[in-house]
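First up is the structure itself, then whatever we jot down about it.
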């Protein structure tokens, strides 16, 4: 926990991001507006990006860690800046400031959403030369976002909540499948590929989770977030209470009085066997679905709205925070709670490191790092351990 380098920026830092190779750090000074980048290995090296009157709404690293992509205010253009030769490439009319950009897993290509003449397009760029390899129009009214499949064979695109539409395209622009669960009402809220690339999860405003397979793109599972769970039921339910007491789970009502959240929470486990969801009409409830058996495995009932739920990158372990001084963990063997031994420390966000050995816990005013025990291979492990 020693300070390795200390860099001083020219203004308030709105955003930071590590380069993928961990050699550079990007700092977004959006109020100025300006980007500063720093080298961990060469502290004397500096980089400053200023878009002038165009402004900077968002910035991100490219997969090779040697280019920075910035989006100007009002989505006038997206610019690719090289750290190697100070060259830059412009893409006109990006659809969104922070969304609408996706890279292949091998880092060779980028899909960038643009809009012109009231029509949405996908621009495919080579991440080596940053030349446009192809452009094709997509059948959306108001494109929300896009994401490459984990095997880089397809691109999923989904429309705004006003139009239920999920589209699967090949890299050459062919529409492989169009999915529409219903026509009336608000549509898609969130979309997520499973890490194995075999499943595509779609969360909708009708409070249902639908899972499509990658062979036929047909729906093979539909999960509903019911407000009442009645016995008999094989689902394990863990409820947070102030004092130990006997709970009658024969008819558990999951509705609450919390305000709805803005973002749909949906996340796959690293082995693609489980997916956790939070229905924003019940923000203090976390649902964990078993994809292998196509059933609801567990419900976590928290006292407070769930701020974050993140899977261990190396095993089937889920960590949850609710803005309290407790950390909640779930494995297929059970659920347990850990108290943070710091005064007035409330966990509002958390992240795993890459090997699953450490958790970064964030408070509004401070942070801490927590060492996490590696789960044993034995299935006899229980929450009492």
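In this note's numbering, the protein residues as written are 3 to 387.
Built from N, CA and C at the ideal position, the CB exists for glycine as well.
It should be emphasised that the depicted structure is a prediction, and the values quoted were computed from it without experimental measurement.
If I measure Cβ to Cβ from residue i and keep anything under 7 Å in the same chain, skipping five residues before and after, which residues do I get?
{"i": "residue 172", "result": "156, 178"}
{"i": "residue 113", "result": "104, 124, 126, 148, 150, 157"}
{"i": "residue 306", "result": "286, 324, 325, 326"}
{"i": "residue 261", "result": "Residue placement at residue 261 is poorly supported in this model, since its pLDDT is 38, which falls under 50; the coordinates are not used for a value here."}
{"i": "residue 264", "result": "Here residue 264 scores only 48 on pLDDT, less than 50, and its place in the model is too uncertain to base an answer on."}
{"i": "residue 9", "result": "40"}
{"i": "residue 7", "result": "42, 45"}
{"i": "residue 356", "result": "315"}
{"i": "residue 389", "result": "The structure shown does not extend to residue 389, since the chain spans only 3 to 387, so no value can be given for it."}
{"i": "residue 106", "result": "150, 154"}
{"i": "residue 258", "result": "Reliability of the predicted coordinates at residue 258 is poor, the pLDDT of 47 falling under 50, and no value is obtained from them."}
Considering just the uninterrupted stretch of the beta strand (DSSP E) at residue i, what are its terminal residues?
{"i": "residue 240", "result": "238-241"}
{"i": "residue 9", "result": "Element bounds for residue 9: n/a, residue is neither H nor E."}
{"i": "residue 22", "result": "Neither: residue 22 is in no beta strand (DSSP E) and is coded neither H nor E."}
{"i": "residue 71", "result": "69-73"}
{"i": "residue 66", "result": "First-last for residue 66: undefined, no H or E at that position."}
{"i": "residue 125", "result": "121-128"}
{"i": "residue 82", "result": "79-84"}
{"i": "residue 341", "result": "336-341"}
{"i": "residue 101", "result": "Note, residue 101: premise wrong, no beta strand (DSSP E); not H, not E."}
{"i": "residue 364", "result": "360-364"}
{"i": "residue 371", "result": "369-373"}
{"i": "residue 351", "result": "351-354"}
{"i": "residue 136", "result": "134-139"}
{"i": "residue 267", "result": "267-270"}
{"i": "residue 235", "result": "First-last for residue 235: undefined, no H or E at that position."}
{"i": "residue 347", "result": "Neither: residue 347 is in no beta strand (DSSP E) and is coded neither H nor E."}
Under 6 Å Cβ to Cβ from residue i, same chain only, skipping five residues before and after it: list those, please.
{"i": "residue 214", "result": "202, 221"}
{"i": "residue 17", "result": "30"}
{"i": "residue 167", "result": "161, 182"}
{"i": "residue 196", "result": "270, 274"}
{"i": "residue 180", "result": "169"}
{"i": "residue 94", "result": "79"}
{"i": "residue 153", "result": "199"}
{"i": "residue 281", "result": "209, 227"}
{"i": "residue 137", "result": "123, 125"}
{"i": "residue 91", "result": "82, 132"}
{"i": "residue 128", "result": "135"}
Would you mind working out which of the options sits nearest residue i, comparing C-alpha positions?
{"i": "residue 187", "options": "198, 174, 162, 176", "result": "162"}
{"i": "residue 242", "options": "204, 226, 288", "result": "288"}
{"i": "residue 206", "options": "217, 219, 216, 227", "result": "227"}
{"i": "residue 96", "options": "82, 345, 109", "result": "82"}
{"i": "residue 65", "options": "19, 36, 33", "result": "19"}
{"i": "residue 365", "options": "229, 217, 374, 345", "result": "345"}
{"i": "residue 100", "options": "340, 92, 90, 60", "result": "60"}
{"i": "residue 375", "options": "350, 340, 223", "result": "340"}
{"i": "residue 143", "options": "89, 36, 118", "result": "118"}
{"i": "residue 238", "options": "25, 21, 349, 336", "result": "336"}
{"i": "residue 300", "options": "308, 319, 290, 294", "result": "290"}
{"i": "residue 164", "options": "185, 363, 175, 362", "result": "185"}
{"i": "residue 174", "options": "319, 297, 139, 352", "result": "139"}
Got a sec: is the Cβ-Cβ distance from residue i to anything in chain B below 8 Å?
{"i": "residue 266", "result": "Judged by its chain identifiers, the structure shown contains no chain B, having just a single protein chain."}
Within the same chain, show all residues whose beta-carbon is closer than 8 Å to that of residue i, passing over the 5 residues directly before and after it, in chain order.
{"i": "residue 33", "result": "13, 14, 16"}
{"i": "residue 360", "result": "354, 371, 372, 373, 374"}
{"i": "residue 11", "result": "29, 31, 38"}
{"i": "residue 25", "result": "41, 42, 43, 67"}
For this session: Could you pull out every unbroken alpha helix (DSSP H) segment of at least 4 residues lying fully inside the stretch 279-333, listed in chain order?
Result: none
Exercise. Can you give, in chain order, each stretch of the beta strand (DSSP E) that sits fully within the stretch 145-228 and has at least 3 residues?
Worked result: 145-150, 157-161, 168-171, 177-181, 190-195, 201-206, 210-215, 221-226
Problem set entry | Meets three-Cβ-pair contact criterion under 8 Å: the stretch 362-380 and the stretch 268-279 | At 8 Å Cβ cutoff, the stretches do not touch.
For this session: Please determine if the stretch 73-86 and the stretch 53-61 are in contact, where contact requires at least 3 C-beta pairs separated by less than 8 Å.
Result: yes
For this session: With a floor of 4 residues, list each alpha helix (DSSP H) that falls wholly inside the stretch 25-55, ordered by position along the chain.
Result: none
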